[in-house]
Amino acid sequence: MKRSVDAIDEKIIDLLHENGRMSNTEIAKRINVSEATVRNRLNRLIQEDILRILPVVNPSKLGLAITGNLKATIDLKKLDYVVEELKKLDEIWYIALTTGGTDLDVEFVVPSLNHLHTFLFDKVNQIDGVLRTQTAFVMKRYIKRRYDYTDESKEWDVLDG
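Quick note: this note's numbering has the sequence shown finishing at residue 286, numbered continuously throughout.
Right under this line is the structure:
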């Protein structure tokens, strides 16, 4: 079933993206609709699994100074095993199967270069099925991730729907 949003839904989502704690009353005032309209639309967006309201953590404020991106080439016969092992690592906050020159795109955060060394050489590269990795550091973000539909309890399939 294809889910859709209209211009009002998009405005609500945009305002919540700016401030996830914005009240329904404030949203209604800003987009010139009733509070009941905002409440009903938010309930629908949440019920239909289009929107989730979650905290966004600033890793650098938690002492996690290094954000990086790891591209991994893996033995695709061991894909499920590799992904399950990567999901166990606290440093990782995003894993995606990709096309192109590598198989997995992995985002991670670590507090130091020493920790990065341990993470890469003693953890990631020791997983059976990881053939090669390339690592890049995030130097500066120019745009925040707008919609993060990541849910630890389920996988989001872009082909679903």
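Every residue gets a Cβ at the ideal spot worked out from N, C-alpha and C, and that includes glycine.
### Query
Do isoleucine 137 and arginine 166 come within 8 Å of each other at the CB atom, strictly closer than that value?
yes
### Message
I'd like the list of long-range same chain contacts for glutamate 143, defined as Cβ closer than 8 Å, with 5 residues on each side in sequence excluded.
### Response
none
### Message
Only counting the same chain, and skipping five residues up and downstream in sequence, which positions put a Cβ closer than 7 Å to that of aspartate 247?
### Response
none
### Task
Confirm, please, whether the CB-CB distance from glutamine 259 to threonine 227 is below 8 Å.
yes
### Message
If I follow the unbroken beta strand (DSSP E) through tyrosine 219, where does it start and stop?
### Response
217 to 222
### Task
Please name the residue, chosen from Ser148, Arg146, Val235, Asp253, that lies closest to alanine 197 on a Cα-to-Cα basis.
Asp253
### Query
Short check: CB of valine 231 to CB of isoleucine 217, under 8 Å?
yes
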